[in-house]
Amino acid sequence: MPDSPSSPRVRFAPSPTGYLHVGGARTALFNWLFARHFGGTFILRIEDTDFERSSEAMVEGILEGMRWIGLDWDEGPFFQSQRLPLYQATAQKLIDSGHAYYCFCTKGELESRRAEGTAAMYDRRCRNLDRAESEKRRLDGKSPAAVRFAVPDGATSWDDAVFGRVEFANAELEDFVLLRSDGIPTYHLSVVADDIDMRLTHILRGADHISNTPKQVLQYSALGAELPIFAHVPLILGPDKTRLSKRHGATSVIAYKDMGIVPEAFRNFLALLGWSPGSKQNPQHKDRETFSSEDLIQLFTLDGISKSNAVFDNDKLAWFNTEYIRAYDSNKLLPLIQIEWQAAEFVPTRTEEEILAAIDFVKPRARSLKDFAGSFRAHFSDDFEYDPAAVTKFLADPSLPSLLQELAARYDVAPDFTEASAEELLRALATEKNIKAGALINGSRVALTGQAVAPSLFAVMAFLGKDRVVQRLNSVDKGHPERSLAGNASQTQSNSLP
RNA sequence: GGCGCCAUGGUGUAACUGGUUAACACGCCGCCCUCUCAAGGCGGAGAGUUCGGGUUCGAUCCCCGAUGGCGCUACCA
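Residue numbers (my numbering): -8 to 489.
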């Protein structure tokens, strides 16, 4: 396959009838990667010729999705709705050269014929209308005419960069509509008119377009244009292996942003859906999973694209997310976290330096950016809540509050407060009271963080500082209804005191 | 229904032009750490490559068929 062009021109051509969905995002990513890898041009084109279903809000949604995953385009966005003359001229060329003809059948007629008979395909009844007669009918304005492509006999084929040679018998193709009777082009016409006009060299798109491709190949030859290289990318399916849809939950890319997914994690995950670095040319990357944007650009080629559909696996996405969050520097994470804080109307009360330190401190346990506005709050502010489950698990014993107060008192008067000294004092108290250190430790953790899961307790103490530790240990008893609530429900015995 | 495409553990992928104990990752299970786990460390189960025929000394890999899945089948894109 000619896979190493000097400066390819590719495009992503979404239709603004919905938000940028996962499949579209992956197609956009592959196009972008391909263009960047070969130093080519990535064009964004909005296919909004379906006025009924297209909307400006959707256009904005798509652009937002593109920006979120970090895909920038070199030309466009072009809007097909603003390029109508090109399509009309192209249709005219096809008519003039005898490759297309006017059709006077109305949509209603077509539908009823289809419903009553076995005429699954258009019967071509207008194809052989007398030229002059046809022209007259059209010009008298009474019968609006659509323009159809006259599919020739024979077969149509192309060498797909992913699937190899694909061939269709022309008999399987109907004389499809190029221009609707209102003069608006259909997809079949506008794609090829634009792809030719924009001098595209490679068409990377979803495999759902394979069946449309022969119709386009036919137009290229009718127009005397050079055929670009087609590379169809397998589709992304839901967990039940049916086409990914709203039924499977989030389908819009922005929904993943809203779930606290880091864009690079999403991009990395997406890149590996239907593509792999390929061990032949890059044996050293055979077992790799995480790739930066630069890595992806360097490694991406068409022959790494697989032919079979891929299933979208949320667990794997979640794993990538934890990997990226963990690997990020806190100052790179901060702006992303701040967005979450704003959304949650949470205002951290500590200094920026402390905040950055806190991010580094807790990020190994983060699964989503949401955690920073949720279960990690106690590290950024004194305004946090006690997780009822954590209270039930570790703070249920009625003797705990006074023990924690005792501990607080000892910390308060201690000459110094370090990770080591905090541990020393706590263990001494446990021994003295003849209770398990673990009970005190776990109880303290909940008192300090509100959570059952957090970093090592003494590290948390050192991080929080003596004053906060003392204050939080003391306040376990008061002002936390959850606690008393949980105290009543004393089924959990696992960590209670002896 | 017709046409097209695809087919490696639950999932994503790997396995040079046919020769491997079929690899890696996610997930799952277990153990360790013991101060928690959604963190970390260690280990394990899980496919003989959808099935059936060929070709071959030898097929995940080539051919044929079946089955299954997906796609297209609009004056949608």
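All C-beta atoms in this analysis are idealised placements derived from N, C-alpha and C, irrespective of residue type, glycine included.
Since this is a predicted model, take the numbers as computed values, not measurements.
key: Outcome for Q207 when other beta-carbon atoms lying within 10 angstroms are tallied against a minimum of 16   = Classified as buried, Q207 has 16 or more neighbouring CB atoms from the shown chains inside 10 Å of its CB.
request  = Report all residues from its chain with a CB closer than 8 Å to the CB of Q289; omit the five preceding and five following residues, and keep chain order.
outcome  = Sequence-distant partners of Q289 (beyond 5 residues in either direction) whose C-beta falls short of 8 Å from its own C-beta, in its chain, are H28.
task = Could you say which of R171, T204, I194 and F140 lies nearest to F159 if we only look at CA atoms?
result = The option with the nearest alpha carbon to F159 is T204.
ask   = If you draw a straight line from the alpha carbon of F33 to that of Y315, how long is it in whole angstroms?
value = Linking F33 to Y315 through their CA atoms gives a straight-line distance of about 27 Å.
Best match in A381, A349, L417 and A411 for proximity to L431 [C-alpha to C-alpha] = Each of A381, A349, L417 and A411 was checked against the Cα of L431, and the nearest Cα belongs to L417.
request  = Quick one: give me the first and last residue of the beta strand (DSSP E) that T147 is part of.
outcome  = Taken as a continuous stretch (DSSP letters only), the beta strand (DSSP E) holding T147 covers A146 to D151.
message = Three or more C-beta pairs under 8 Å: does that hold for the segment 39 to 57 against the segment 144 to 162?
response = When C-beta atoms of the segment 39 to 57 are compared with those of the segment 144 to 162, fewer than three pairs fall below 8 Å, so the two segments do not count as touching.
ask   = With 16 other CB atoms within 10 Å as the buried threshold, where does E255 fall?
value = Classification for E255: buried.
task = Reducing DSSP to helix, strand and coil, say where A334 ends up.
result = DSSP places A334 in helix when its eight states are reduced to three.
task = Would you tell me roughly how many angstroms separate the C-alpha atoms of F3 and S72, rounded to the nearest one?
result = So the alpha carbons of these two residues sit roughly 16 Å apart.
key: Secondary structure of I175, DSSP reduced to three states   = Of the three classes helix, strand and coil, the one that applies to I175 here is coil, per DSSP.
key: DSSP beta-bridge partners of H193   = The partner list for H193 (beta bridge, DSSP) reads I220.
Per-residue DSSP class, three states only, for W266 = Residue state, collapsed to three classes: strand.
inquiry  = According to DSSP, is V138 part of a helix, a strand, or is it coil?
reply    = In the three-state scheme derived from DSSP, where H, G and I count as helix and E and B as strand, V138 is classed as strand.
Short Cβ contact (8 Å threshold) for A428 with K384 = No, these two residues do not count as a Cβ contact at 8 Å.
Cβ-Cβ separation, L360 to L327 (assumed contact under 8 Å), whole Å = Indeed, because the Cβ distance is near 6 Å, the residues count as touching under 8 Å.
query = Among N322, P268 and F363, which has the Cα closest to the Cα of E336?
reply = Selected option, being the one with the closest Cα: F363.
message = I need the straight-line Cα distance from K248 to S435, nearest angstrom please.
response = If you take the alpha carbons of K248 and S435, they lie about 34 Å apart.
message = Suppose the cutoff is 7 Å on Cβ atoms and the five residues either side in sequence are ignored; what does the same chain contact list for G9 look like?
response = Contacts found: M49.
ask   = Is D166 buried or exposed, if buried means 16 or more other CB atoms sit within 10 Å of its CB?
value = Buried.
query = What are the start and end residues of each continuous beta strand (DSSP E) run of 3 or more residues lying completely inside the segment 11 to 91, in chain order?
reply = For the segment 11 to 91, the continuous beta strand (DSSP E) assignments of 3+ residues that do not extend past its boundaries occur at 32 to 37 and 66 to 70, in sequence order.
request  = Please classify V444: does DSSP put it in a helix, a strand, or coil?
outcome  = Three-state DSSP puts V444 in coil, outside helix and strand.
inquiry  = Along the chain, where does the beta strand (DSSP E) containing V157 start, and where does it finish?
reply    = From DSSP, the beta strand (DSSP E) with V157 extends over G155 to A160.
ask   = Under a three-way DSSP split, which group does A477 fall into?
value = For A477, the predicted model reports a pLDDT of 37, less than 50, meaning its position is unreliable; a value from the coordinates is still stated below. Correct three-state label for A477: helix.
request  = Report, in whole angstroms, the separation of the C-beta atoms of Y78 and L170, which I expect to be a contact under 8 Å.
outcome  = Between L170 and Y78 the Cβ distance is about 7 Å, and since that is below 8 Å, they are a contact.
query = How about A184 and T81: do their beta carbons lie closer than 8 Å?
reply = Cβ atoms of A184 and T81: closer than 8 Å.
ask   = Helix, strand or coil: which one does DSSP assign to V1?
value = When secondary structure is reduced to three states using DSSP, V1 falls in the strand class.
task = Return helix, strand or coil for L170, following the three-state DSSP convention.
result = Looking at L170 - three-state DSSP - the assignment turns out to be strand.
ask   = According to DSSP, is I426 helix, strand or coil?
value = When DSSP states are grouped into helix, strand and coil, I426 belongs to the coil group.
key: Residues near R115 by beta carbon distance below 6 Å, same chain, minus five either side   = Hits under 6 Å: D166.
inquiry  = Taking only three categories from DSSP, how would you classify Y93?
reply    = Y93: strand per DSSP, three-state reduction.
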